[in-house]
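In our numbering, the protein residues as written are 48 to 338.
Ideal placement from N, C-alpha and C gives every residue a C-beta, glycine not left out.
Computed from a prediction, not measured in an experiment: that's the story for all the values here.
Taking it in order: structure first as structure tokens, then the write-up.
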Amino acid sequence: MYKNIVPRVAAIHDLSGFGRSSLTVIMPILSTMGIQVCPLPTAVLSTHSAFPDFHFHDLTNEMSPIIAHWKRLDLRFDAIYSGYMGSAKQIDILRDFIRDFHHEEQLIVVDPVLGDNGKLYRSFSSEMIDKMKELVCVANVITPNLTEAAFLLDEPYSENLTEAELKEWVKRLSAFGPQTVIITSAPVTGNRGKTSVVAFNSTDKRYWKVVCDYMPASYPGTGDAFASVITGSLLQGDSLPIAIDRAVQFISIAVRATFGYNYQPSEGILLEKVLSSLNAPVQMSSYQLLD
Ligand code: PXL
Numbered sequence: 048m049y050k051n052i053v054p055r056v057a058a059i060h061d062l063s064g065f066g067r068s069s070l071t072v073i074m075p076i077l078s079t080m081g082i083q084v085c086p087l088p089t090a091v092l093s094t095h096s097a098f099p100d101f102h103f104h105d106l107t108n109e110m111s112p113i114i115a116h117w118k119r120l121d122l123r124f125d126a127i128y129s130g131y132m133g134s135a136k137q138i139d140i141l142r143d144f145i146r147d148f149h150h151e152e153q154l155i156v157v158d159p160v161l162g163d164n165g166k167l168y169r170s171f172s173s174e175m176i177d178k179m180k181e182l183v184c185v186a187n188v189i190t191p192n193l194t195e196a197a198f199l200l201d202e203p204y205s206e207n208l209t210e211a212e213l214k215e216w217v218k219r220l221s222a223f224g225p226q227t228v229i230i231t232s233a234p235v236t237g238n239r240g241k242t243s244v245v246a247f248n249s250t251d252k253r254y255w256k257v258v259c260d261y262m263p264a265s266y267p268g269t270g271d272a273f274a275s276v277i278t279g280s281l282l283q284g285d286s287l288p289i290a291i292d293r294a295v296q297f298i299s300i301a302v303r304a305t306f307g308y309n310y311q312p313s314e315g316i317l318l319e320k321v322l323s324s325l326n327a328p329v330q331m332s333s334y335q336l337l338d
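Okay, structure coming up:
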């Protein structure tokens with residue numbers, strides 16, 4: 048079996064023309080990190096689903112012929128990374144893809160895109176939640192936000208979870224199958240000015256936490272940017288807490304670069320202004336090991 052000269056990722060996400068989400072964020076981030084992205088698009092949209100009246104073209108029927116061609120080419124992927132799915136049926140196609148293209152050293156990252164701020168995204172029904180519960184079982188790493196973690200666990204969404212409850216959630220999610228669970232947008236008890244990322248690795252049973260300032264603005268696509276940096280960083284050989292630190296720092300810089308402008312948050316973070324920071328060494332690490 049050959050080794051790829053440049054690490055290669057199969058990226059199963061939608062392509063939304065405007066609004067800086069999904070593939071328009073994932074491809075530049077991973078390319079900047081020196082990783083080749085092979086997109087397997089799940090849908091083409093005029094914009095992400097937070098804009099009213101968006102046009103949506105489902106690509107479920109295109110996926111199998113694309114995968115069949117990749118099989119004939121005997122492509123080897125160092126990682127498979129999925130996000131927004133265009134239909135529940137695509138999850139069965141993706142599970143077959145993972146089974147057929149799997150090899151020992153491969154990283155499988157599933158960002159279980161379902162919703163945010165306690166709500167399911169407009170384009171989804173509860174069927175998508177059930178299928179996403181199946182998909183996370185075959186991943187090594189999952190990156191739900193707090194809303195998605197609640198949907199996967201059938202728990203009510205709450206911004207008042209304690210650190211002990213967050214630890215319980217990441218552990219329960221890892222019992223679905225993934226060794227690494229990373230929950231974003233996790234509350235910091237007693238401090239509304241901060242937000243955090245809480246993670247668990249079931250191999251060494253360690254819990255990690257990275258805290259950063261909370262900015263009062265919501266930019267679609269930040270979850271995609273976060274999971275992309277995690278994927279790139281793990282592929283570069285970073286440890287889990289360093290990967291989380293890099294992703295949190297990148298999102299913080301991107302949000303700060305954007306926040307000062309009088310600007311429509313639905314257009315997403317001003318990625319183009321901060322992409323090059325991905326190649327700077329980690330300046331200051333702030334992760335904590337939780338006991
Ligand atoms: O960032 C997640 C995402 C991806 N793709 C589409 C979306 C969203 C979030 O709104 O609408 C189409």
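Looking only at Tyr49, Leu77, Ser249, the smallest Cα-Cα distance to Ser323 is reached by Leu77. Tyr168 places its beta carbon 7 Å or farther from that of Ser69. For Leu325, no alpha helix (DSSP H) run applies, since DSSP gives it neither H nor E. Per the Cβ contact rule, the region 134 to 143 is not in contact with the region 199 to 206 (fewer than 3 Cβ pairs under 8 Å). Contact between His60 and Thr107 does not hold, since their C-beta atoms are separated by about 14 Å, which reaches or exceeds 8 Å.
For His116, the enclosing alpha helix (DSSP H) covers residues 107 to 119. Bridge partners of Gly162 according to DSSP: Leu167.
Judged by pairs of C-beta atoms under 8 Å, the region 155 to 167 touches the region 118 to 127, as three or more such pairs exist.
Cβ-Cβ distances below 8 Å link Ser332 to Pro288, Ile289, Asp292 in the same chain, with the five nearest sequence neighbours on each side left out; the list follows chain order. Counting only residues of its own chain and dropping the five nearest sequence neighbours on each side, Tyr204 has a CB closer than 6 Å to the CB of Gly165, Thr194, Ala197. Of the residues Leu182, Phe297, Leu122, the one whose Cα lies closest to the Cα of Phe273 is Phe297. Every alpha helix (DSSP H) stretch that sits fully inside the region 248 to 301 and reaches 4 residues is listed by chain position as 269 to 282. For Gln137, the secondary structure class from DSSP, reduced to helix, strand or coil, is helix. With 16 or more other Cβ atoms inside 10 Å of its own Cβ, Pro267 counts as buried.
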